[in-house]
Amino acid sequence: MNQKMEEERAKEEETWSRETVPKVMRIVSSRLPQRDLISLLLVSPSLHRTLLSYSSLWLVIDLREMNNAGNRLIAALSMPRYQNVKQINLEFAQDIEDRHLDLLKTKCLGSLQNLESLNLNGCQKISDKGIEIITTACPKLKVFSIYWNVRVTDIGIQHLVKNCKYIVDLNLSGCKNISDKSLQLVADNYQEIESLNLTRCVKLTDGGLQKILLKCTSLKSLNLYALSSFTGEAYNKISLLSHLCFLDLCGAQNLSDEGLACIAKCKNLVSLNLTWCVRITDAGVIVLAQGCTSLEFLSLFGIVGVTDKCLEVLSSFCSKTLTTLDVNGCVGIKKRSRDELLQLFPYLRCFKVHS
Amino acid sequence: MSEVDMAVIKPEMMKSYIWLQTADGSIQQVEQEVAMFCPMICHEVIQKGMGSSKSYAISVPQRVNPASLSLILDYCRFHQVPGRSNKERKSFDEKFIRMDTKRLCELTSAADSLQLKPLVDLTSRALARIIEGRSPEEIREIFHLPDDLTEEEKLEPLKNTTDDPRIRLLNRLYAKKRKELKEKEKLKIVEVEEDRVDDRSVDDLLSFINGGEGDSKGVRTSKNKKKHRRKKDQQKSASANETIKTHKQESNGLNSLCPCAEAGNEFRPDQGETSNMQDVEDDIFARKSEFDDGDVDDEIDPALKEKIDREVEDFARRLNSDWPERMQEILSLGQEIRPLHYSVNGNGRRNAKNQIGSRNDITPDWPHGWNNFDQMLMQVV
């Protein structure tokens, strides 16, 4: 009797560890962040084998904020399980330099072929050379992000457009040494681009922006945060971007009501940041309200020339959709307490965007 | 009473039932609207016309045990009622998943078999929360998983993509050990005490490295044993040097080298000393073939020999320690080692935490060479 019980128990244990657990782990592991996924791998060899067989788990390498990232990346890409990796995230990783990218290219070229998304945000040691290396290794790149890197210049962008033909999302926020030349390159090569972030690229002028606005008509998201040297010459052409949903013009001190009226022609606009656009008055906002009836996010922070009038008009057109409205510092608006705003915009959840 | 009688007496109780059969053979009937909430059962009813009577009971998938089925039906019974608010449903769900991990896993598996996605989502989210932030060892405990490495698998060579000489050394030691294991099997030698194996290997290692000193037989005196045990006790202190020096005087053949991997689970929170092992190990390996012949002294310049001696004492001491600690040390040796240094994330707070031995301690049990990258990744947590 005892033996039979033992046999049964052994069988149960077997079922548990050989069938139930792998099945359950497969289901659960798709929800786990990388760190916990790796913990699971280390639990036992059979679980290790099981998890490795699910290739969809191994499409992302996340080395955000890690030190010794260059070597870790090389080690990771040498592993068969990452040979189809689609996304690599090195945001704020330390110890990653051009030479690591070079080593990667020599040793792991196969694994890089399918890479679609590369995040080098904050990897300040990477230079144009590194960009040359990695873009030649990853021809299928669609998403490229390298914010806050002052070593990147137009030369780096030249390599990018030459090697990666399918970029749809480009983030150059804080790359202060980018000039109009880069915008020309982007405009000429990426007419399908959907998202472009040029925050704080202070060397850019109307000439460069115009090129983008004329050619990159698929743009859905355009970020021009903290770029104060553009004028109506460029702003007026934003109307060409008929698919535009997201526009950030924080600090656009030269934006006039006329410019805003042109922006109002982008019917699909959902999010608009006009923080510190100090020349805007009621007239501009009224035209905006009439044009962009799907607006969900609007900041008028710091604009003293707008009054309660524009809020009333805004309410009559956008009250059903607006969920974020920042009118802090708008001293021309008298009725802007939380309750008063909720009266006009019943779906408001967020009252502060800019700090 | 027959069913027909019941219908006459209580007409309002006459509703449709679906017949289900579980793997253990038992058959039950379930209210139709409840059972049909499960896509798999729904499919069987609609597409195949099953479930309308006892003899045509729908066979529930094998891994759905009666307990899980019962829970699933409870879930369905609640959620299939249309009038409930989101708040009610959420509240029910929260109470529903309060069960031990084993049952939660069985439930997940069963719900998956029955294709009941909302329940799969609910249970797998709960399991993900349980797993989050835990070490592999904790996960093993929670899920009652055996650590099923065979002796051979423990000795699998590590991947050495950056040609780290320490890993080279380890792999060679593994190779030797594997060979020894095979020979053992052939000769069917009775299993040696773990202690003895460890002792011998330290001696072997030292003599292998120094080569040709003293007698070349694998003689193990009790004197050695005693010293070695003393050495083990002193392991945690820095003064292992003395005892190891005495070992150097003896030598044996070139039998087993690799200390047995299996050992207790002592955790050593300290990171290990940094030392520049590269030169030393290069020297060691450069002379390997000569060691095999057992005649080396002429080749080694005395000053270098001194240096090697000192470094080797340190290395041997570490090699002799438990496998997990050893692996950890080797892979986490300090910054000046060029190829791979896996020190803990620069976040000061985490550093301190790791040294004290928190839940995310990097010293948990990773005995296995087959996942050195993963161990490297674990270190940052």
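Top line first, the protein sequences correspond to chains F and W.
This note's numbering applies: residue 3 is where the first sequence begins, and numbers increase by one.
This note's numbering applies: residue 197 is where the second sequence begins, and numbers increase by one.
We treat Cβ as the ideally placed atom computed from N, Cα and C, and that holds for glycine.
It should be emphasised that the depicted structure is a prediction, and the values quoted were computed from it without experimental measurement.
Opening and closing residue of the alpha helix (DSSP H) in which residue i lies
i, result
"W:Leu269", "262–275"
"F:Tyr237", "234–237"
"F:Leu75", "71–79"
"F:Phe319", "310–320"
"F:Asn191", "182–191"
"F:Ser48", "47–54"
"W:Gln243", "235–244"
"W:Leu300", "297–309"
"F:Ile98", "Careful: F:Ile98 lies outside any alpha helix (DSSP H) and carries neither H nor E."
"F:Ile90", "No alpha helix (DSSP H) holds F:Ile90; the beta strand (DSSP E) holding it covers 89–91."
"F:Asp1", "Because residue 1 of chain F is not part of the residues shown, which for chain F are 3 to 357, the question remains open."
"F:Asn165", "156–165"
"F:Ser31", "23–31"
"F:Leu114", "111–114"
Given residue i as reference, the closest of the options once Cα atoms are compared
i, options, result
"F:Trp278", "F:Thr22, F:Ser230, F:Pro35", "F:Ser230"
"W:Ala324", "F:Thr233, F:Ser41, F:Lys142", "F:Ser41"
"F:Val272", "F:Leu297, F:Ile305, F:Leu251", "F:Leu297"
"F:Asn116", "F:Leu346, F:Trp60, F:Glu9", "F:Trp60"
"W:Ser309", "W:Ser255, W:Ile214, W:Glu376, W:Arg294", "W:Ser255"
"F:Leu92", "F:Glu67, F:Asn165, F:Asn73", "F:Glu67"
"W:Gln224", "W:Val230, W:Ala231, W:Leu216", "W:Leu216"
"W:Thr304", "W:Leu315, W:Arg294, W:Met295", "W:Leu315"
"F:Val45", "W:Lys373, W:Asp317, W:Glu379, W:Pro342", "W:Pro342"
"W:Ala322", "W:Tyr370, W:Arg294, W:Val226, W:Lys313", "W:Arg294"
"F:Ser80", "F:Asn70, F:Thr17, F:Leu105", "F:Leu105"
"F:Trp18", "W:Asp289, W:Glu227, W:Thr297", "W:Thr297"
"F:Cys320", "F:Ile63, F:His161, F:Leu226, F:Leu274", "F:Leu274"
"F:Cys166", "F:Val204, F:Thr326, F:Gly124, F:Glu118", "F:Glu118"
"F:Gln96", "F:Glu342, F:Thr22, F:Asn123, F:Leu114", "F:Asn123"
"F:Leu53", "F:Lys222, F:Val62, F:Leu39", "F:Leu39"
"W:Asp317", "W:Asp289, W:Tyr370, W:Ser266", "W:Asp289"
"F:Gly331", "F:Asn256, F:Gly304, F:Ile282", "F:Gly304"
"F:Thr33", "F:Ser58, F:Ile136, F:Glu342", "Contrary to the premise, residue 33 of chain F reads as Arg rather than Thr in this sequence. Comparing Cα positions, the closest option is F:Ser58."
"F:Val355", "F:Gln292, F:Gln160, F:Asp250, F:Gln36", "F:Asp250"
"F:Val315", "F:Asp284, F:Met7, F:Cys110", "F:Asp284"
"F:Ser31", "F:Tyr56, F:Cys252, F:Lys183", "F:Tyr56"
Contact set for residue i: own chain, Cβ-Cβ below 7 Å, skip 5 residues either direction
i, result
"F:Cys264", "Tyr237, Asn238, Ile240, Ser241"
"F:Leu185", "Leu206, Gly210, Leu211, Lys213, Ile214"
"W:Gln276", "Glu229, Val230, Phe233"
"W:Ile327", "Ile335"
"W:Gln258", "Ala219"
"F:Phe347", "Ser317, Ser321, Leu324, Leu327"
"F:Thr201", "Ser175, Gly176, Asn225, Tyr227, Ala228"
"W:Thr319", "Ile293, Leu300, Leu303, Thr304, Ala307"
"W:Cys238", "Met232"
"F:Gly334", "Val306, Gly307, Val308, Thr309"
6 Å Cβ shell around residue i - same chain, five flanking residues per side excluded
i, result
"F:Asn173", "Ser147, Tyr149, Asn199"
"W:Gln311", "Pro235, Met236"
"W:Asp411", "Model confidence at W:Asp411 stands at a pLDDT of 40, short of 50, so the residue's coordinates are unreliable and nothing is read from them."
"W:Ser264", "Glu302, Leu303, Ala306"
"F:His50", "Leu43"
"F:Ala254", "Cys279"
"F:Cys247", "Lys222, Asn270, Val272"
Neighbourhood of residue i by C-beta, 8 Å cutoff - its chain only, sequence neighbours within 5 removed
i, result
"F:Ile193", "The identity of residue 193 of chain F in the sequence shown is Gln, whereas the question assumes Ile. Cβ within range, chain order: Lys217, Cys218, Thr219, Ser220."
"F:Ser48", "Ser19, Arg20, Pro24"
N-terminal and C-terminal residue of the beta strand (DSSP E) that residue i is part of
i, result
"F:Phe347", "F:Phe347 -> no beta strand (DSSP E), and no H or E assigned at all."
"W:Val226", "223–227"
"F:Asn199", "197–199"
"F:Asp64", "62–64"
"F:Thr325", "F:Thr325 -> no beta strand (DSSP E), and no H or E assigned at all."
"F:Ser119", "119–121"
"F:Leu274", "273–275"
"F:Val145", "145–147"
"W:Leu216", "213–217"
"W:Asn282", "Segment 282–292 is the alpha helix (DSSP H) holding W:Asn282; no beta strand (DSSP E) there."
"F:Asn225", "223–225"
Just to confirm the assignment: which complete beta strand (DSSP E) runs, minimum length 3, are found wholly within the stretch 235–264 of chain F? 248–250
So, do the stretch 76–86 of chain F and the stretch 129–145 of chain F have three or more beta carbon pairs nearer to each other than 8 Å? Because the criterion of three Cβ pairs below 8 Å is not met, the stretch 76–86 of chain F and the stretch 129–145 of chain F do not touch.
Taking 8 Å as the threshold, find out whether the stretch 153–164 of chain F comes into contact with the stretch 115–129 of chain F through three or more Cβ pairs. yes
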